[in-house]
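There are 2 protein chains.
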Amino acid sequence: MSTLKYTVIKTTKRIRIKDIAEKANVSIGTVDRVIHNRGEVNAETKAKILKILEELDYRPNLLASTLASKKTHEFAVLLPEVSNPDAYWNKPLNGVREAAAELQQYGVSIKLHQFSQNDPASFAAKANLIMESKPEGVVLAPFFFRESNEFVEKLNAQQIPFVFIDSNISGRNKLSFIGQNSFQSGMLAAKLFDYSLPPDATILIIHFGKELDNLNHPKQRERGFYNYFETKTGEAFEKLYSFEIETANDPRFFEMIDKKIEEIGGVSGIFVTNSQVHRIAEYLVTRNIQHVRLIGHDLVRKNAEFMRAGVVDFLICQRPEEQGHQAIQTLFDHIILKKQVRTDNYTSIDIVTKENLDYYKEFNLSNYGTN
Amino acid sequence: MSTLKYTVIKTTKRIRIKDIAEKANVSIGTVDRVIHNRGEVNAETKAKILKILEELDYRPNLLASTLASKKTHEFAVLLPEVSNPDAYWNKPLNGVREAAAELQQYGVSIKLHQFSQNDPASFAAKANLIMESKPEGVVLAPFFFRESNEFVEKLNAQQIPFVFIDSNISGRNKLSFIGQNSFQSGMLAAKLFDYSLPPDATILIIHFGKELDNLNHPKQRERGFYNYFETKTGEAFEKLYSFEIETANDPRFFEMIDKKIEEIGGVSGIFVTNSQVHRIAEYLVTRNIQHVRLIGHDLVRKNAEFMRAGVVDFLICQRPEEQGHQAIQTLFDHIILKKQVRTDNYTSIDIVTKENLDYYKEFNLSNYGTN
DNA sequence: CTGAAAGCGCTTACAG
DNA sequence: CTGAAAGCGCTTACAG
Numbered sequence: 510m511s512t513l514k515y516t517v518i519k520t521t522k523r524i525r526i527k528d529i530a531e532k533a534n535v536s537i538g539t540v541d542r543v544i545h546n547r548g549e550v551n552a553e554t555k556a557k558i559l560k561i562l563e564e565l566d567y568r569p570n571l572l573a574s575t576l577a578s579k580k581t582h583e584f585a586v587l588l589p590e591v592s593n594p595d596a597y598w599n600k601p602l603n604g605v606r607e608a609a610a611e612l613q614q615y616g617v618s619i620k621l622h623q624f625s626q627n628d629p630a631s632f633a634a635k636a637n638l639i640m641e642s643k644p645e646g647v648v649l650a651p652f653f654f655r656e657s658n659e660f661v662e663k664l665n666a667q668q669i670p671f672v673f674i675d676s677n678i679s680g681r682n683k684l685s686f687i688g689q690n691s692f693q694s695g696m697l698a699a700k701l702f703d704y705s706l707p708p709d710a711t712i713l714i715i716h717f718g719k720e721l722d723n724l725n726h727p728k729q730r731e732r733g734f735y736n737y738f739e740t741k742t743g744e745a746f747e748k749l750y751s752f753e754i755e756t757a758n759d760p761r762f763f764e765m766i767d768k769k770i771e772e773i774g775g776v777s778g779i780f781v782t783n784s785q786v787h788r789i790a791e792y793l794v795t796r797n798i799q800h801v802r803l804i805g806h807d808l809v810r811k812n813a814e815f816m817r818a819g820v821v822d823f824l825i826c827q828r829p830e831e832q833g834h835q836a837i838q839t840l841f842d843h844i845i846l847k848k849q850v851r852t853d854n855y856t857s858i859d860i861v862t863k864e865n866l867d868y869y870k871e872f873n874l875s876n877y878g879t880n
Numbered sequence: 510m511s512t513l514k515y516t517v518i519k520t521t522k523r524i525r526i527k528d529i530a531e532k533a534n535v536s537i538g539t540v541d542r543v544i545h546n547r548g549e550v551n552a553e554t555k556a557k558i559l560k561i562l563e564e565l566d567y568r569p570n571l572l573a574s575t576l577a578s579k580k581t582h583e584f585a586v587l588l589p590e591v592s593n594p595d596a597y598w599n600k601p602l603n604g605v606r607e608a609a610a611e612l613q614q615y616g617v618s619i620k621l622h623q624f625s626q627n628d629p630a631s632f633a634a635k636a637n638l639i640m641e642s643k644p645e646g647v648v649l650a651p652f653f654f655r656e657s658n659e660f661v662e663k664l665n666a667q668q669i670p671f672v673f674i675d676s677n678i679s680g681r682n683k684l685s686f687i688g689q690n691s692f693q694s695g696m697l698a699a700k701l702f703d704y705s706l707p708p709d710a711t712i713l714i715i716h717f718g719k720e721l722d723n724l725n726h727p728k729q730r731e732r733g734f735y736n737y738f739e740t741k742t743g744e745a746f747e748k749l750y751s752f753e754i755e756t757a758n759d760p761r762f763f764e765m766i767d768k769k770i771e772e773i774g775g776v777s778g779i780f781v782t783n784s785q786v787h788r789i790a791e792y793l794v795t796r797n798i799q800h801v802r803l804i805g806h807d808l809v810r811k812n813a814e815f816m817r818a819g820v821v822d823f824l825i826c827q828r829p830e831e832q833g834h835q836a837i838q839t840l841f842d843h844i845i846l847k848k849q850v851r852t853d854n855y856t857s858i859d860i861v862t863k864e865n866l867d868y869y870k871e872f873n874l875s876n877y878g879t880n
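Okay, here's the thing in structure tokens:
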């Protein structure tokens, strides 16, 4: 009752420009000039003010400063088009939207540009539009290697900071990368098979998409997958096969798979290296094939449905909303708050199953209401 | 080059009090009075202003309003003491700290009160201190059922909104609950055993702690665990046994386990229903018992270490930092922003393994630096 | 090179 | 019941 014992988290003893000015015997205008380094200040006074600033650990009041400056900060975002609300790329976009709403009151405005996933030229065209609009910062998914490099070169030339989202290109002087470590996620997929299948099981790895290079998630995931089994010691190795499918829209899609499976003498497990795993789920259901362990990526609606139905066993996910949100936040921290930011931001590698599916944000319907 | 095609996410066309005032032919003071409902306004003018407010969808500028009002908002937080930096309860606390730092500039100040996990009286004492300090909102872990109820009754009497964190008590007029759905997390643990052990395996469930009731995570997890196997059809059931250990500090701890395992004729899997799984890991290492599938909860340092060493196979986690952060944010949203908030907030149920361990925030060391 | 003044959108006494 | 004024901490021309 008497011995008050508690901790106050973060006390505020705000130092204002005015306090600095008084201590230095100058006007607040002069202090402001040195804080923002906009010259025209006597070297001596400047030094004196700088010292006081340091001593008193002055932190500007962000509220006041953004309120006073009607300045607005423009960021540009370059992402793939989304054909429907269930598409994967809608998720990072939602994260971007969230961040946009939060930072709006600080004068941040975000322009979204979208390119076609089948058309590198559209990427380049949008990149040019972005350059013309001279944004203060850029978030991009470096989807096409060549075009991304060209874009990033221009950004560097103009000293515009940029953040890679989803995929990374190294050595390009980026501000930050935010996405999944695909190699590790491949390792994890392998482990899940290893734990849930007998040692001599046959596993088929399926890639969807064309022109896969080593920058892509699929190839990195495959590398991680093989790596897990290669470094596993003591036990028999599983039998592993890889298979590439250009597009699931090919009418002969099912027959191709039939043939492949026959060729390798049946399968116990299938690993799809991207979010298209629902295509294989469809195949298994149609062909009435049961007891095949099926693992893929990303919590898009169709994958969730096949998971609920018990066809997809595990989905490995990467928090795409968080990626979008964090990319914008990183730009804000660097440009407006002048904070140090992290160069590499790997998002968590989540294992989603039927049992925890509903606890991943994406599918949480709002449940406002009474107690 | 020419057809600019982009979307601006969130445009701001700020309506100010001044705009409302002009449209209503009154002064901004009057508008302010109706906005804050502090009476003394002619009924007719009030109606008129209300209508304009609605029409123009007026949103107050949070920056300006917090800057102008030197008002400070005090929240109180009641959590268990943390004996060392690796303790579980340090994690929600870090989330609280994060939120405190972010909301500081809005005048939010947070007082932290901590009780002993072995002493219900200390909980009650701290609760009284909180009542005396008359905070605007409270976050609490309802650790002791009786004492929590008493506290919550007083809060309700004073109309102070409160948020439960970690555990929930239903029907107490809470503002919100933030934590894990333990029943589901138990189901998930069961599934992981089911996938990775043969159908007739023997599994031992171990609870640490005393006086476990149905409100606790452990019992709920156990219920979910049994439920999974009970509802599983078609295959043989695993053999399941439960075992309660009051404290791992008991010198006869290892012998107790020896005896139990002998009694049930050996085990293939052990499930520990809380973060103490490292105790069992120690046991297995000391006794040199291998090939036992070991699953537990929460990413505390010791658990992570035994996971890296390959002794713990899976950890089921609940994002404790997020819980702390969100609890404070919820109070802020309700009290300052007057937003509608969610009554139940279940955090994700994460499956952590050796392969994705490093991608869970808690153990990400900072990697500031160059590209 | 430096100071004084107006203003950002809101809140808070104060006068009438 | 209502308006006018000062002030929150900062920014931005402007005058000297």
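Sequences listed follow chains U and D, in order.
For the first sequence, the tail end lands on 880 under this note's numbering, and the numbers increase by one without skipping.
For the second sequence, the tail end lands on 880 under this note's numbering, and the numbers increase by one without skipping.
Beta carbons: idealized from backbone N, C-alpha and C, even for Gly.
These figures come from a predicted structure and were not determined experimentally.
Count the other C-beta atoms from every protein chain shown that fall within 10 angstroms of the C-beta of V661(U), then say buried if there are 16 or more, exposed otherwise.
When all chains shown are included, V661(U) counts as buried.
Alpha carbon to alpha carbon, what distance is there between Y855(U) and P829(U)?
So the alpha carbons of these two residues sit roughly 11 Å apart.
Please confirm whether N880(U) has its beta-carbon closer than 8 Å to some beta-carbon of chain D.
Residue placement at N880(U) cannot be trusted, given a pLDDT of 30 that sits under 50; what the coordinates show is reported in the next sentence. At least one chain D Cβ lies under 8 Å of N880(U).
Suppose you measure from the CA of D566(U) to the CA of K620(D); what does that come to, to the nearest Å?
Distance between the alpha carbons of D566(U) and K620(D): 24 Å.
Candidates T756(U), D859(U), K579(U) and T839(U): which alpha carbon is nearest R851(U)'s?
The residue with the shortest Cα to Cα distance from R851(U) is T839(U).
Using 8 Å for Cβ pairs, my map puts F780(U) next to F702(U). What's the rounded Cβ distance?
Confirmed, about 7 Å.
Count the other C-beta atoms from every protein chain shown that fall within 10 angstroms of the C-beta of G878(U), then say buried if there are 16 or more, exposed otherwise.
The predicted model places G878(U) with a pLDDT of 31, which falls under 50 and marks its position as unreliable; any figure quoted below should be read in that light. So G878(U) counts as exposed.
Does E739(D) pass the burial test, meaning 16 or more other C-beta atoms within 10 Å, or should it be called exposed?
With fewer than 16 other Cβ atoms within 10 Å, it is exposed.
May I ask which residues mark the beginning and end of the alpha helix (DSSP H) holding T740(U)?
Segment H726 to T740, the alpha helix (DSSP H) holding T740(U).
Hey, does I518(D) have any beta-carbon neighbour from chain U nearer than 8 Å?
Closer than 8 Å to some Cβ of chain U, the Cβ of I518(D) qualifies, so yes.
Counting pairs of Cβ atoms below 8 Å between the segment 635-651 of chain D and the segment 593-610 of chain U, do you hit three or more?
Touching, no.
Who does K600(U) pair with in a DSSP beta bridge?
The partner list for K600(U) (beta bridge, DSSP) is empty, contrary to what the question assumes.
Less than 8 Å between C-beta atoms, sequence neighbours within five positions excluded: which residues of the same chain meet that for Q623(D)?
The residues are L587, L588, P589, E590, V591 and K635.
Alpha carbon to alpha carbon, how far is L576(U) from I526(D)? Give it in angstroms, no decimals.
Their backbone Cα atoms lie some 15 Å apart in a straight line.
Which word fits S676(U), buried or exposed, when buried means at least 16 other C-beta atoms lie within 10 angstroms of its C-beta?
By the neighbour-count rule (16 or more Cβ atoms within 10 Å), S676(U) is buried.
Assign G718(U) to one of three DSSP states: helix, strand, or coil.
In the structure shown, G718(U) sits in coil (DSSP, three-state: anything other than H, G, I, E or B).
For D859(U), go through chain D and note every residue whose CB falls closer than 8 Å to its CB, in chain order.
Here the neighbours are S857, D859, I860 and N865.
Kindly indicate which residue of E549(U), A552(U), A573(U) and V605(U) has the alpha-carbon position closest to the one of I524(U).
Comparing Cα positions, the closest option is A573(U).
So, at 8 Å on beta carbons, what are the nonlocal neighbours of F671(D) in its own chain, with the 5 sequence-adjacent residues on each side left out?
For F671(D), where only same-chain residues beyond five positions count, the Cβ hits under 8 Å are G646, V647, V648, L649, V661, L664, K683 and L684.
Express the C-alpha separation of Q785(D) and L808(D) in angstroms, rounding to a whole number.
C-alpha separation (whole angstroms): 10 Å.
How is H800(D) classed by DSSP in three states: helix, strand or coil?
Correct three-state label for H800(D): coil.
Just checking: is the beta-carbon of M765(U) within a distance shorter than 8 Å of some beta-carbon in chain D?
With 8 Å as the cut-off, M765(U) does not count as an interface residue toward chain D.
By Cβ distance below 6 Å, which residues in the same chain neighbour K863(D) in space, the five residues on each side in sequence not counted?
For K863(D), where only same-chain residues beyond five positions count, the Cβ hits under 6 Å are M816.
Please state if the CB of F717(U) and the CB of N783(U) are separated by a distance shorter than 8 Å.
Yes; because the gap between Cβ atoms is below 8 Å, this pair is in contact.
Where R810(U) and R542(D) are concerned, what is the direct C-alpha to C-alpha distance, given to the nearest angstrom?
When rounded, the distance between both Cα atoms is 48 Å.
Quick check on P727(U): buried or exposed, where buried means 16 or more other Cβ atoms within 10 Å of its Cβ?
Buried, by the Cβ-count rule.
Of the residues that make up the segment 831-852 of chain U, which ones have a beta carbon closer than 9 Å to any beta carbon in chain D?
Correct list: Q849, V850, R851 and T852.
Quick one: is T539(U) buried, meaning 16 or more other Cβ sit within 10 Å of its Cβ, or exposed?
The residue in question, T539(U), is buried, as its Cβ has 16 or more Cβ neighbours within 10 Å.
With 9 Å as the limit, tell me which residues of the segment 567-584 of chain D have their beta carbon closer than that to any beta carbon of chain U; keep them in chain order.
Residues passing the 9 Å Cβ filter: N570, L571, L572, A573, T575, L576 and T581.
I want to verify the contact list: residues of chain D whose CB lies under 9 Å from the CB of Q901(U), in sequence order.
Outside the displayed range of chain U (510 to 880) lies residue 901(U), so it cannot be described from this structure.
Could you tell me the distance, in whole angstroms, from the CA atom of K514(U) to the CA atom of A633(D)?
Straight-line Cα distance between these residues: approximately 14 Å.
Anything in chain D within Cβ reach of N690(U), meaning under 7 Å, just list it in chain order.
Those are Y868, listed as they occur along chain D.
From Q667(U), S642(U), E641(U) and I674(U), pick the residue whose C-alpha is nearest to that of F653(U); which is it?
The shortest Cα separation from F653(U) among Q667(U), S642(U), E641(U) and I674(U) belongs to I674(U).
Less than 8 Å between CB atoms is the rule here; does H622(D) satisfy it with respect to chain U?
It does; some Cβ of chain U falls within 8 Å.
Determine the closest residue to G695(D) out of I825(D), I837(D) and K560(D), with distance taken between C-alpha atoms.
For the residues I825(D), I837(D) and K560(D), the minimum Cα distance to G695(D) belongs to I825(D).
Using the beta-carbon count (16 or more within 10 Å), is V517(D) buried or exposed?
Exposed.
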